[in-house]
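**Q** Questions regarding the structure given below will be posed in turn.
Protein chains: 4
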Amino acid sequence: MADDQARRHHGNRHGRSERARRAVLNAADDLLVEHGFAGLTMEKIAVRAGVAKQTIYRWWPSKVDVLLDALGDDLAEELTPPDHGDLRRDLREHLAAVAEFLTTAHAGAVLRALLGQAQHDPELAARLRAGHLLDQRARDRLPFERAVARGELAAGTDLDDAVERLIGPVHYRVLVTGDPVPRSFTDALVDRVTVQDG
Amino acid sequence: MADDQARRHHGNRHGRSERARRAVLNAADDLLVEHGFAGLTMEKIAVRAGVAKQTIYRWWPSKVDVLLDALGDDLAEELTPPDHGDLRRDLREHLAAVAEFLTTAHAGAVLRALLGQAQHDPELAARLRAGHLLDQRARDRLPFERAVARGELAAGTDLDDAVERLIGPVHYRVLVTGDPVPRSFTDALVDRVTVQDG
Amino acid sequence: MADDQARRHHGNRHGRSERARRAVLNAADDLLVEHGFAGLTMEKIAVRAGVAKQTIYRWWPSKVDVLLDALGDDLAEELTPPDHGDLRRDLREHLAAVAEFLTTAHAGAVLRALLGQAQHDPELAARLRAGHLLDQRARDRLPFERAVARGELAAGTDLDDAVERLIGPVHYRVLVTGDPVPRSFTDALVDRVTVQDG
Amino acid sequence: MADDQARRHHGNRHGRSERARRAVLNAADDLLVEHGFAGLTMEKIAVRAGVAKQTIYRWWPSKVDVLLDALGDDLAEELTPPDHGDLRRDLREHLAAVAEFLTTAHAGAVLRALLGQAQHDPELAARLRAGHLLDQRARDRLPFERAVARGELAAGTDLDDAVERLIGPVHYRVLVTGDPVPRSFTDALVDRVTVQDG
DNA sequence: GCATAACCGAGACGGTACGTCAGGTCTTCTG
DNA sequence: CAGAAGACCTGACGTACCGTCTCGGTTATGC
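Protein chains in written order, with full-length UniProt numbering: chain A, 1 to 198; chain B, 1 to 198; chain C, 1 to 198; chain D, 1 to 198.
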């Protein structure tokens, strides 16, 4: 088995150690949740992961790269909207999933940390958008696009605008006010947007 | 004049040096814009301000405290909505001012940096909210409250909800997507909210 | 009474406060014994003496000046050799007194600290010699000079040489080896010197 | 050659950099002579040696430890008495070497500084004695012991006493009066001691 | 089936910034 | 006008991480 093979191998001439990679990403994840972004140092990741510092630097240029890697495909996996053939229902479920993701410790903590760091790191901001946020935006549009295809929504509707009105207040609560984002809040948002556009 | 007296004194038993205070806040402001949040170190602030490190630590426990102080009353001064007796006009001007503030280098950079840092510093998040964001939320509500008082808006309207739908997408663009926030965008947001509620 | 007046006056137009002077010298003495030379800081002297730092700097340029002042006339008072009209007896008593002074906590600690500091502070070394050590050397010679005057000792004897052979080993023990300096040791020294020269 | 290998390596798992060690000891030596003991700071040693401060602290807990190391085996190398089979000649040469060592800038400055510091640092005093002074005392005794073995000196002679009468006045001059210690002075001392005991 | 090349752990290295402490100077008010 | 109080600038302290480097050891090819 691949996992078993990976666990044993230590040094070889073709390719890196999957064991070390996993250990680093897990350690980074854990340390972020435990000690926050400032308490996340390459030094501590190395110790926690039982890995040499050089091994981390060999594969990731900085700690934000580790986090970008740790974020991985979580967004795609957890934030792809469902398709029930009903715009309002799709949006309700999707927006609730977005809120859940952002406010839940493990999954959202990494993204929030990266978004926070991106505020004073334009290069990270660019990579974060290119690597994750644009894709997510495309996924957020899907329910609307399908509604247009079904004729449920007028063809000329500004879908990005609709997405922003939907997703904006959720991010505002999470990133700025810190208020909880209950289902009632997301449902009401969906109602506003669909009523107005319907 | 008090300011004149303050500027001359250097160190004495009756209070701190206003000159040093100003120099630190300005230096912090400048360094943040020039080198970003990471390039903003106590060491460099001290050098740039021509001030001893100890003097900074005497009055501010950390660099985020310096920034909180530097943010000062900028929000209140620049983001108090106008009162023309017309909800839509008040909101249009106010929302444009908010967008301008957040995206403009000097003024908004400090707030964006603090919001970024607050993502991985709950204690800062709490202070930022208590010290500035709650007050700003109250100011954001003002146009709506006046509209209710004028009878322009129904008495039962959920004002906080309206504010969030207005302000949320603007913050989303600034903090997440990084897209510009043109006047057309903010005006359209105001139209959505007022039409719907009117 | 002078002391009474001194105790009360705090700030005045007629000269310095004797109370402050005493407090500083005593504090310096105590701190030296308690915490050693490194633990003797102007800051701590000021706190212990209940005196402003500036008051210390007004009257003593540095902490070694405070110690030089604290040393005061102790040497002259305690290390003036007796005159019994008998060289050996005078020397025995005197040398024992020297050993006692150097090894006893309060009195000798200040001198040892200053001698130690003088090893890497030539300016202090010069002042220490000019202010105290030359006078002490003159006092150390007294028994020999009186013996010459009495005819007990030949006129051509090199008195400084004799003093050094007497006093040198005592200082060597105190400053270098740290061995105790018992009466038997000093008496034997006196015997060597007087027998040889007698 | 081991030294050659050591010189090239920079930092690795098998021990420290000999290059850094040498640089630190030399820098400490130079700075002590140039600026005195007070002017000898870890900070300046690091800069002068072109070495990170942490590297110094990794191997030496304090600046006196650096000096103790810098003193190294200088004493043993330079202050081992010769053996001509003639007590007086051995002592004359040895005592002159001691005087030379103590008064010469480079070699003696370190020892004088440490002796000075030891006056107000009992822990250093103990280490200095255990590490260097006891061994030196043993070397100082050698000429006498050989003289006893040869029958040149009576078996019951108190050798330590003789050493102290010889070495004491030299240290006294160096550490207390600061007078020069010419060959005539040391020769006369040897004569006194050997005549008396012969 | 043995050399060898890529990766691994360990950790010392030159650095930057941290937050603290003391030094010595200054200004103000009080007695 | 001396003394208290204490803020100021300076510079060293000892520590934590940074990112780079060298080293010896492990293993999976590939000659």
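Just so it is clear, CB atoms sit at the ideal spot from N, CA and C, and this is done for glycine as well.
Report yes or no: is there a C-beta of chain B within less than 7 Å of the C-beta of ALA81 (chain A)?
**A** Per the sequence shown, residue 81 (chain A) should be read as Pro rather than Ala. No, PRO81 (chain A) lies away from the interface with chain B (no Cβ there is under 7 Å from its Cβ).
**Q** Let me make sure I understand the geometry here. Which of B:ALA28, B:GLU152, B:PHE101 has the alpha-carbon closest to that of ARG89 (chain B)?
**A** Comparing Cα positions, the closest option is B:GLU152.
**Q** Give the straight-line distance between the Cα atoms of ARG137 (chain B) and ALA27 (chain A), rounded to the nearest whole angstrom.
**A** Whole-angstrom Cα-Cα distance: 38 Å.
**Q** Show which residues of chain B have a CB atom less than 9 Å away from the CB atom of LEU142 (chain A).
**A** Going along chain B, no residue has its Cβ under 9 Å from LEU142 (chain A), so there is no contact; the nearest lies around 18 Å.
**Q** My understanding is that LEU111 (chain D) touches LEU102 (chain D), with C-beta atoms under 8 Å, so please give their C-beta distance in whole angstroms.
**A** Rounded, the Cβ-Cβ distance is 7 Å, consistent with contact.
**Q** Name the residue from A:GLU164, A:LEU75, A:ASP86, A:ARG16 whose alpha carbon lies nearest to the alpha carbon of GLN54 (chain A).
**A** For GLN54 (chain A), the nearest C-alpha among the options comes from A:ARG16.
**Q** Assuming LEU166 (chain B) contacts LEU91 (chain B) under a Cβ cut-off of 8 Å, what Cβ separation, rounded to an integer in Å, is found between them?
**A** Confirmed, about 7 Å.
**Q** Check whether the Cβ of VAL176 (chain C) lies closer than 7 Å to any Cβ atom in chain D.
**A** Answer yes: the Cβ-Cβ gap between VAL176 (chain C) and chain D drops below 7 Å somewhere.
**Q** Can you tell which of B:LEU175, B:GLU18, B:MET42 has its C-alpha closest to the C-alpha of GLN119 (chain B)?
**A** The option with the nearest alpha carbon to GLN119 (chain B) is B:LEU175.
**Q** Beta-carbon of PRO182 (chain D) versus every beta-carbon of chain C: anything under 7 Å?
**A** Judged by the 7 Å Cβ criterion, PRO182 (chain D) is not in contact with chain C.
**Q** Short of 7 Å in beta carbon distance, which residues of its chain neighbour ASP83 (chain C), apart from the five on each side in sequence? Order them along the chain.
**A** Counting only Cβ-Cβ distances below 7 Å, and skipping sequence neighbours, we find ASP90, ARG146.
**Q** Taking 7 Å as the CB-CB cut-off, is PRO169 (chain A) touching chain B?
**A** So, interface residue.
**Q** Of all the CB atoms in chain C, is at least one closer than 7 Å to the CB of PHE37 (chain D)?
**A** Yes, contact with chain C.
**Q** Quick check: what's the CA-CA separation for ASP3 (chain C) versus TRP59 (chain C)?
**A** Because the pLDDT of ASP3 (chain C) is 39, which lies under 50, any placement of that residue in the model is unreliable, and the number read from its coordinates should be weighed accordingly. Whole-angstrom Cα-Cα distance: 20 Å.
**Q** Which residue's Cα is closest to the Cα of ALA46 (chain B): B:VAL24, B:PRO61, B:VAL66, B:GLY36?
**A** Among B:VAL24, B:PRO61, B:VAL66, B:GLY36, the Cα nearest to that of ALA46 (chain B) belongs to B:VAL24.
**Q** For ASP69 (chain A), which residues in chain B fall below 8 Å Cβ to Cβ?
**A** Result: empty, since nearest Cβ-Cβ is about 18 Å, beyond 8 Å.
**Q** In angstroms with no decimal places, state the Cα-to-Cα distance between GLU78 (chain D) and ALA97 (chain D).
**A** Distance between the alpha carbons of GLU78 (chain D) and ALA97 (chain D) is about 8 Å.
**Q** List, in order along the chain, the chain A residues whose C-beta lies closer than 7 Å to that of ALA28 (chain B)?
**A** None at all; the shortest Cβ gap to chain A is about 13 Å.
**Q** Rounded to whole angstroms, how far is the Cβ of ASP140 (chain C) from the Cβ of VAL163 (chain C), which I believe are closer than 8 Å?
**A** Indeed they touch by this definition, with Cβ atoms about 5 Å apart.
**Q** Threshold first: 4 residues or longer. Then list the alpha helix (DSSP H) segments lying entirely within the stretch 60 to 85 of chain A, N to C.
**A** With a minimum length of 4 residues, the continuous alpha helix (DSSP H) runs that stay inside the stretch 60 to 85 of chain A are 63 to 71, 74 to 78.
**Q** Taking only beta-carbon positions, decide if residue 225 (chain B) is within less than 7 Å of chain A.
**A** For chain B, the structure presents residues 1 to 198; residue 225 (chain B) sits outside this window and is missing.
**Q** Beta-carbon within less than 8 Å of ASP197 (chain D)'s beta-carbon, same chain only, minus the 5 sequence neighbours each way: which residues are those?
**A** With a pLDDT of 46 at ASP197 (chain D), under the threshold of 50, the modelled position of that residue is not reliable, and no figure is offered here.
**Q** For a test of the three-state rule: what should DSSP assign to HIS27 (chain A), helix, strand or coil?
**A** According to the sequence shown, residue 27 (chain A) is Ala rather than His. In this structure, ALA27 (chain A) counts as helix in the three-state DSSP scheme.
**Q** Quick one: Cα of LEU115 (chain D) to Cα of GLY116 (chain C), how far?
**A** Distance between the alpha carbons of LEU115 (chain D) and GLY116 (chain C) is about 7 Å.
**Q** Applying a beta-carbon distance threshold of less than 8 Å, which residues of chain C neighbour ALA125 (chain D)?
**A** Within chain C, the residues near ALA125 (chain D) are GLY178.
**Q** Looking at chain D, which residues of the stretch 100 to 120 of chain C have a Cβ within less than 8 Å of any of its Cβ atoms?
**A** Correct list: ARG112, ALA113, LEU115, GLY116, GLN117, ALA118, GLN119, HIS120.
**Q** Short of 7 Å in beta carbon distance, which residues of its chain neighbour LEU189 (chain C), apart from the five on each side in sequence? Order them along the chain.
**A** So the list reads LEU95, LEU166, PRO169, once near-sequence residues are dropped.
**Q** For VAL181 (chain B), count the other beta carbons within 10 Å of its own beta carbon; 16 or more makes it buried, fewer makes it exposed. Which is it?
**A** The residue is buried, with at least 16 neighbouring Cβ atoms inside 10 Å.
**Q** Report the three-state DSSP secondary structure of PHE185 (chain A) (helix, strand or coil).
**A** Looking at PHE185 (chain A) - three-state DSSP - the assignment turns out to be helix.
**Q** Rank B:LEU68, B:MET42, B:LYS44 by C-alpha distance to the C-alpha of ALA107 (chain B) and give the top, closest one.
**A** Out of B:LEU68, B:MET42, B:LYS44, B:LEU68 has the C-alpha closest to the C-alpha of ALA107 (chain B).
**Q** Check whether the Cβ of TYR172 (chain D) lies closer than 7 Å to any Cβ atom in chain C.
**A** Yes, TYR172 (chain D) lies at the interface with chain C (some Cβ there is under 7 Å from its Cβ).
**Q** Over what stretch of residues does the alpha helix (DSSP H) that includes ALA99 (chain B) continue unbroken?
**A** First-last of the alpha helix (DSSP H) with ALA99 (chain B): 87 to 103.
**Q** Please report the straight-line C-alpha distance between GLU123 (chain A) and LEU32 (chain A), rounded to a whole angstrom.
**A** Their Cα atoms are separated by approximately 21 Å.
**Q** Which bits of chain C does ARG129 (chain D) rub up against, with CB to CB less than 8 Å?
**A** Residues of chain C passing the Cβ test: THR177, GLY178.
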